[in-house]
Amino acid sequence: MEDENQVEVSFTKTWDLSMGKSTVPLNVDKRYIVRRGQSGLYLYTILERLEGWPDVDMDQIRVVFKLQKDKFHYMALSDSRKRTMPMPEDRVSGQPLAYPEAVLLTKPINPELRGEVDDKYQYSCEDKDNKVHGWIAEDPPVGFWMITPSNEFRVGGPNKQDLTSHVGPVVLNMFTSTHYAGKDLNTEYRNGEPWKKVLGPVLVYLNSISPKEDSSMLWEDAKEQMSIEVNRWPYDFPQSEDFPSSDQRGAVTGQLLVRDRYVNERLLYASSAYVGLAAPGDVGSWQTESKGYQFWIRADRRGHFVIKNVRAGNYSLYAWVPGVIGDYKYDANITINPGSRIRFGHLIYEPPRNGPTLWDIGIPDRTAAEFYVPDGYPTLMNKLYTSDPAEKFRQYGLWNRYSDLYPNDDLVYTIGISNVKDWFFAHVTRDAGNKTYDPTTWQIIFELQNVNRNENYTLRLALASATASEIQVRFNNPSSDRPLFTTGAVGKDNAIARHGIHGLYWLYGIDVPGSQLVEGKNTIYLTQARSDGPFHGVMYDYIRLEGPRGT
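This is how it looks when you write it as structure tokens:
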């Protein structure tokens, strides 16, 4: 397509059976758009599998740009995450650490970077915040930016984390990946499953200033352009019939309320809830879904939400509420037609609850951010994260700090005396030397009065992350051969190694017979039983003990 204001070019590749396994069984249509007056390039792709095609896994679908390394040295992801970066040669001359992505810079070209760790996973970002990132060149002062105006074509929901920019200089747009999720994210196409999806458009934005101006203006301008693109979405200029304009989409509105009678007899507002439409599935299935489109917003302080510009199709309505455990899912599937506007009125979420809270640990926000995150090793620091305590979790090697702090005995947390900063952010193995690791058992000590031995209590165990782990739960008998409960093997998100403060969310409700408890002092033993490596472990989101139903 070409006119006086726009050129759109399409490059296609068609698959057929004669190609065998030499290429992915996928039809590809790559589109590039140049518009008059726009300093940049829009790009999108249409991917399609026809029914009956061979099985395939597509763990990563991405756009990658590699810039001139002699020009682009400064990288920006957010107002607080921007810095001068190492050169690719610095990684080659550096000291490899526990995995290939992490390197200690020993002989960097820029001597100010000596002694720092470089690891692309230190620059990951949640998709909800991953709207603009890129690089700045100084001579001449030019910016190269990746702007993503919508997350509808991304996977795993708004809190899914992924790579952004990193040493190369590399600029990424990760449309699909298993990062911070692992193969629990469904990227398998089996039994001739057909599939079609439009990824993008996104904007590669270029800007420049005069040499006399401050180069930070390039970042400020990129943020302004990002806001412009977000407000333009969905675009009205792509020529593919597979990309619907605003008038071909629908909307959903409503108000989400929370009913938890042990907290308040009245309905509570689902303040700042994440509310979204995603492919029909089970409760919480959106966080492992990759094949369809997802549309998420934050509700206001009273739980009101408006989800606009939804593609026509069949969806489930999902939500989760910060400060409340569990996941909401509307009972029926929802069909969005072009131009439709569905009004739900009041929706009520009843979170898992059997009895009153006797005690709890943490904040149910699907992260381990409130717990104790130790300082990194002085010889293994990334200086970008030394001033903001909220970013400490991005430092390299924090999994080893547990063994430093607890060389012999494990963590003990006493209800009523300890606080959240006494709880290490990750339940990991202990380094036993010679590349061997031991299981670890944490204790929660608490007092109970008037134990009802004929009724069940409930332990709620919410995990913010899990990697090749198994949490075994015992009450008052650490040497019991059989735990009261075990998660079994759980998790593949690798968030501990990749400097995440969360991965995928897991919630368990554990029945605790009153006969397991005593009046006075009780102890819960949480054992991370799988210890094949340093990264095997979980991050807890929230733990709660509930009394018997009706008490």
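Okay, so the sequence shown: first residue is 1 according to full-length UniProt numbering, each after it adds one. Cβ atoms here follow ideal geometry from the backbone N, Cα and C, with glycine treated the same way. No experiment lies behind these values; they were computed from the predicted model shown.
Residue 43 versus residue 332 - alpha carbon distance: 36 Å
Have a look at residue 430 and residue 182 and give me their C-alpha separation to the nearest angstrom. 23 Å
Euclidean distance between Cα positions of residue 322 and residue 244: 32 Å
In this structure, does DSSP put residue 296 in helix, strand or coil? strand
Does the beta-carbon of residue 258 have 16 or more other beta-carbons within 10 angstroms, so that it is buried, or is it exposed? buried
Residue 389 in three-state terms, based on DSSP: helix
In chain order, what residues of the same chain lie with their CB nearer than 6 Å to the CB of residue 426, ignoring the 5 residues before and after it? 496, 537, 539
Could you spell out the range, first to last residue, of the alpha helix (DSSP H) harbouring residue 231? 216-232
Roughly how many angstroms lie between the CA atoms of residue 485 and residue 523, to the nearest whole one? 15 Å
With distance defined between alpha-carbon atoms, name the residue in 356, 241, 206, 277 nearest to residue 265. 356
Buried or exposed by the 16-neighbour rule on C-beta atoms within 10 Å, applied to residue 106: exposed
Mapping the DSSP letters down to three states, classify residue 283 as helix, strand or coil. coil
Through-space distance from residue 457 to residue 133, alpha-carbon basis: 48 Å
Helix, strand or coil at residue 288 according to DSSP, with G and I counted as helix: helix
Taking all protein chains shown into account, do 16 or more other C-beta atoms lie within 10 angstroms of the C-beta of residue 483, making it buried, or fewer, making it exposed? buried
Going by other Cβ atoms of all chains shown within 10 Å of its Cβ, with 16 needed for buried, is residue 532 buried or exposed? exposed
Determine the direct distance from the alpha carbon of residue 202 to that of residue 9, and round the result to whole angstroms. 15 Å
For residue 174 and residue 121, I'd like the C-alpha separation in whole angstroms. 13 Å
What residues match up with residue 126 in a beta bridge as DSSP calls it? 161
Pair every Cβ in the region 73-93 with every Cβ in the region 377-396, then say whether three or more of these pairs are closer than 8 Å. yes
Residues of its chain near residue 149, where Cβ-Cβ distance is below 6 Å and the 5 sequence neighbours each way are ignored: 229, 230, 233
Would the region 40-57 count as touching the region 187-195 if we require 3 or more Cβ pairs under 8 Å? yes
6 Å CB neighbourhood of residue 108 in its chain, flanking five on each side removed: 86, 90, 114
Which residues does DSSP pair with residue 143 in a beta bridge? 136, 207
How big is the Cα-Cα spacing for residue 240 and residue 145? 24 Å
Helix, strand or coil: how does DSSP classify residue 517 here? coil
Is the distance from the Cβ of residue 123 to the Cβ of residue 179 below 8 Å? no
Since residue 47 contacts residue 196 with CB under 8 Å, what's their CB separation in whole angstroms? 7 Å
Residue from 419, 535, 250, 157 with nearest C-alpha to residue 128: 157
Which stretch, first to last residue, makes up the beta strand (DSSP E) that contains residue 546? 537-546
Quick one: measure Cβ to Cβ for residue 254 and residue 347, integer angstroms, because I've assumed they're closer than 8 Å. 5 Å
Under 8 Å, with one C-beta from each stretch per pair, do the region 268-286 and the region 309-319 reach the 3-pair mark? yes
Find out if the Cβ-Cβ distance for the pair residue 471, residue 526 is shorter than 8 Å. yes
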